[in-house]
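Please read the structure below before turning to the comments.
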Amino acid sequence: MGPNKLELERVRREYGSKLRLLTANVKDQISELSQLAQDKIFAAPVIVELIEQRIRMAPPAQKLPAFYLLDSICKIVRRDYLALFGRNITRTFLETYRVVDPDTQYRMERMLGTWRT
1 MGPNKLELER
11 VRREYGSKLR
21 LLTANVKDQI
31 SELSQLAQDK
41 IFAAPVIVEL
51 IEQRIRMAPP
61 AQKLPAFYLL
71 DSICKIVRRD
81 YLALFGRNIT
91 RTFLETYRVV
101 DPDTQYRMER
111 MLGTWRT
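Mapping the sequence shown onto the UniProt record's numbering, position 101 (from 1) lands on 101, and the numbers just tick up by one.
Now the structure itself:
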């Protein structure tokens, strides 16, 4: 039996609240959110939706930390998340790339390079 709606809503609130605080590239925050994603694997679709939404809605200067979180989850947790993020990754990446500054674009290109290896 899968998680009930109440559990998923609790994860949505808890994870969303912590995710909104990720406004800079802070390794401890990214690690904590990655660990929480692993602990709450049953809510992977909800967590993916929250991260994709954060990337879309964040001001350009705050998009990269959420992308680093996506990267961390895919590399550390893998299970379920690779396929779920994979559904929208091209669009999410390109839309973000278009609106960020050249330094952030460079960092995104470097991150993308690690996905190919």
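Glycine residues also receive a C-beta, built at the ideal position from the N, C-alpha and C atoms.
All of these numbers come straight from a predicted model, not from anything done at the bench.
- Check the Cα spacing between Arg-98 and each of Arg-79, Phe-42 and Pro-60: the tightest is with Pro-60.
- 8 Å or more divides the Cβ of Ile-73 from the Cβ of Ser-31.
- Rounded to whole angstroms, Thr-23 and Gln-38 show a C-alpha spacing of 21 Å.
- With respect to Ile-51, Leu-36 sits apart: the two C-beta atoms are not nearer than 8 Å.
- About 6 Å separates the beta carbon of Leu-84 from that of Pro-45, a gap short enough to meet the 8 Å contact definition.
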